[in-house]
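Residue numbers (the working numbering), protein chains in the order written: chain A, 15 to 249; chain B, 15 to 249.
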């Protein structure tokens with residue numbers, strides 16, 4: 015008879031934000047109380063094993079609050095990762111067992127990954143100072159714990175799929191008012207496609223939900239650009 | 015300190031097929047060797063706890079083969095279900111413990127649900143005879159075990175989303191050659207929208223990937239309709 019597996023289940027949160035040039039992901043550190051060890055493998059996504067009385071969505075909200083202070087972030091499940099080898103790195107295993115004060119050896123963890131698209135705003139400094147959490151550009155992501163690099167890759171592909179079927183989701187990444195250059199940059203960044211700026215300007219005119227405001231950039235060295243807003247009702 | 019949960023993990027497969035009128039889902043029976051008990055709660059999706067050496071996708075393929083004989087079915091993960099109360103029905107619990115010969119009490123199971131769109135073909139009879147598995151129209155689904163009714167509902171909504179962003183996926187549900195009436199019926203069924211047949215015929219002309227064949231229905235009482243095929247290269 016085959017051996018059943020009784021793994022732990024975790025949730026991991028991929029928060030993606032846009033810094034004006036490219037997608038960034040919010041990364042935290044593997045920490046144990048009283049340990050400032052800087053091993054190579056100590057970056058990870060915000061995540062945790064789930065507790066007995068928590069539903070999956072609740073666990074995702076709880077861990078995000080614990081590790082980053084962020085609350086009421088709209089997240090959606092996008093994939094479960096359960097490869098038999100995802101705990102293969104012994105240092106990840108040691109950290110896990112210490113962090114959760116586990117008294118027995120972990121065999122497997124299946125993780126349910128959550129995704130959110132959001133604005134990178136002024137909470138940036140607070141995230142860094144109080145939580146040691148930081149936004150890192152996708153192109154500069156270091157080696158992460160477990161299979162978290164694979165999870166981020168899958169998240170980025172998922173965003174490409176989501177925004178291609180529902181372009182309105184792109185505006186989750188932008189500030190309330192934005193320039194055409196900013197929209198152009200975020201569009202290229204999520205679709206992975208390079209689009210000429212003039213052609214993109216024409217494309218914008220075919221988006222009824224992108225509304226030009228009577229307001230321009232101020233205090234810039236180049237010619238001040240108009241601001242636009244996203245009108246959800248027209249999407 | 016919060017109590018960590020060490021649940022089992024399962025996979026469940028939602029296979030959706032089209033019978034000419036509406037979506038159907040493939041349902042199996044909760045069985046134990048030597049038990050022909052017909053309790054009300056004995057219908058379920060094909061699914062199983064995962065084994066130690068299996069990845070999630072492998073577990074989904076393995077259980078589908080075991081419970082229905084179907085192999086090489088393209089399935090994709092669509093959602094993880096982990097509500098704390100999904101094992102609330104005692105008869106489900108008893109069945110599980112007997113079926114898997116478990117010696118201890120199950121606290122929780124998180125299930126990873128898979129989805130497939132496929133043709134209902136001549137294997138229908140074999141499924142019924144050899145596996146006691148049957149296609150049941152969505153509108154006639156009985157009470158299923160665990161939260162399987164909720165899983166089917168979520169799958170149907172997912173199909174609506176998938177086919178609205180990628181209409182070519184609708185053809186996964188149709189035979190290789192099909193009539194306009196069949197395409198109309200499947201379209202209404204997956205989108206949940208009622209569309210006038212004449213308007214739909216016009217809509218078909220705007221689908222370059224729907225190609226009319228030099229072949230008509232044979233042996234029908236009404237005026238024989240043309241067959242069409244789906245040309246994936248033009249999608």
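All residues carry an ideal CB built from backbone N, CA and C; glycine is no exception. Here the structure is a predicted model, which means the values were calculated and not measured.
Quick one: Cα of residue i to Cα of residue j, how far?
i	j	result
residue 136 (chain A)	residue 27 (chain B)	44 Å
residue 81 (chain B)	residue 133 (chain B)	18 Å
residue 218 (chain B)	residue 224 (chain B)	7 Å
residue 64 (chain A)	residue 21 (chain B)	10 Å
residue 179 (chain A)	residue 105 (chain B)	42 Å
residue 66 (chain B)	residue 32 (chain A)	40 Å
residue 14 (chain B)	residue 247 (chain B)	The requested residue 14 (chain B) is not part of the displayed model; chain B covers only 15 to 249.
residue 240 (chain A)	residue 222 (chain B)	40 Å
residue 216 (chain B)	residue 173 (chain B)	24 Å
residue 72 (chain A)	residue 227 (chain B)	53 Å
residue 56 (chain A)	residue 103 (chain A)	12 Å
residue 61 (chain B)	residue 231 (chain A)	57 Å
residue 199 (chain A)	residue 181 (chain A)	14 Å
residue 122 (chain B)	residue 213 (chain A)	54 Å
residue 131 (chain B)	residue 146 (chain A)	45 Å
residue 245 (chain B)	residue 244 (chain A)	37 Å
residue 74 (chain A)	residue 210 (chain B)	44 Å
residue 24 (chain A)	residue 23 (chain B)	11 Å
residue 237 (chain A)	residue 114 (chain A)	55 Å
residue 168 (chain B)	residue 43 (chain B)	21 Å
residue 112 (chain A)	residue 153 (chain A)	31 Å
residue 157 (chain B)	residue 79 (chain B)	24 Å
residue 120 (chain A)	residue 233 (chain A)	57 Å
residue 118 (chain B)	residue 175 (chain B)	40 Å
residue 86 (chain A)	residue 86 (chain B)	41 Å
residue 54 (chain A)	residue 235 (chain A)	Confidence in residue 54 (chain A) is poor, its pLDDT being 47 and thus under 50, which makes the residue's placement unreliable; the coordinate value appears in the next sentence. Those two C-alpha atoms are separated by around 42 Å.
residue 110 (chain A)	residue 151 (chain B)	46 Å
Just the chain B side, please: which residues come within less than 8 Å of residue i by C-beta, in chain order?
i	result
residue 66 (chain A)	16, 17, 18, 19, 98, 121, 122
residue 114 (chain A)	18
residue 170 (chain A)	In chain order: nothing, as chain B lies at least about 17 Å away.
residue 23 (chain A)	19, 21, 23, 96, 124
For a contact meaning CB atoms closer than 9 Å, what does residue i contact in chain B?
i	result
residue 126 (chain A)	94, 96, 124, 126
residue 163 (chain A)	Residues of chain B passing the Cβ test: none, with the nearest at roughly 18 Å.
residue 224 (chain A)	Simply none; closest approach about 20 Å.
Could you tell me which of the options sits nearest to residue i, measuring between CA atoms?
i	options	result
residue 165 (chain B)	B:174, B:56, B:125	B:125
residue 108 (chain B)	B:78, B:45, B:79, B:76	B:45
residue 93 (chain A)	A:77, A:171, A:152	A:171
residue 91 (chain B)	B:69, B:151, B:194	B:69
residue 242 (chain B)	B:213, B:212, B:209, B:194	B:194
residue 30 (chain A)	A:220, A:237, A:184	A:184
residue 88 (chain A)	A:128, A:147, A:122, A:17	A:128
residue 77 (chain B)	A:150, A:209, A:16, A:175	A:16
residue 116 (chain A)	B:229, B:237, B:236, B:18	B:18
residue 41 (chain A)	A:113, A:74, A:23, A:149	A:149
residue 251 (chain A)	A:192, A:177, A:167	Outside the shown range of chain A, which is 15 to 249, sits residue 251 (chain A), and nothing can be said about it.
residue 83 (chain B)	B:25, B:138, B:177, B:208	B:138
residue 249 (chain B)	B:220, B:233, B:74	B:220
residue 207 (chain B)	B:236, B:233, B:177	B:177
residue 59 (chain A)	A:120, A:155, A:175	A:155
In chain E, what lies closer than 9 Å to residue i by C-beta?
i	result
residue 63 (chain B)	Absent from the structure is chain E; the protein chains it does hold are A and B.
Output, in chain order, the set of chain B residues within a Cβ distance shorter than 7 Å of residue i.
i	result
residue 179 (chain A)	179
Strictly below 8 Å CB to CB, what residues from chain A border residue i?
i	result
residue 69 (chain B)	96, 97, 98
(Q) Check whether the region 160-175 of chain B and the region 89-108 of chain B touch, using three or more Cβ-Cβ pairs below 8 Å as the test. (A) yes
Q.
To be precise: take each residue of the region 71-99 of chain A, compare its Cβ to all Cβ atoms of chain B, and keep it if any distance is under 7 Å. Which residues remain?
A. 91, 93, 94, 96, 97, 98
Q | Contact the region 138-150 of chain B vs the region 174-194 of chain B: 3+ CB pairs below 8 Å | A | no
Q. Given 8 Å as the limit, is there contact between the region 195-205 of chain B and the region 30-43 of chain B, that is, 3 or more CB pairs closer than that?
A. yes
Q) Got a sec: which bits of the region 199-210 of chain B sit with their beta carbon under 7 Å from any beta carbon on chain A, in order along the chain? A) none
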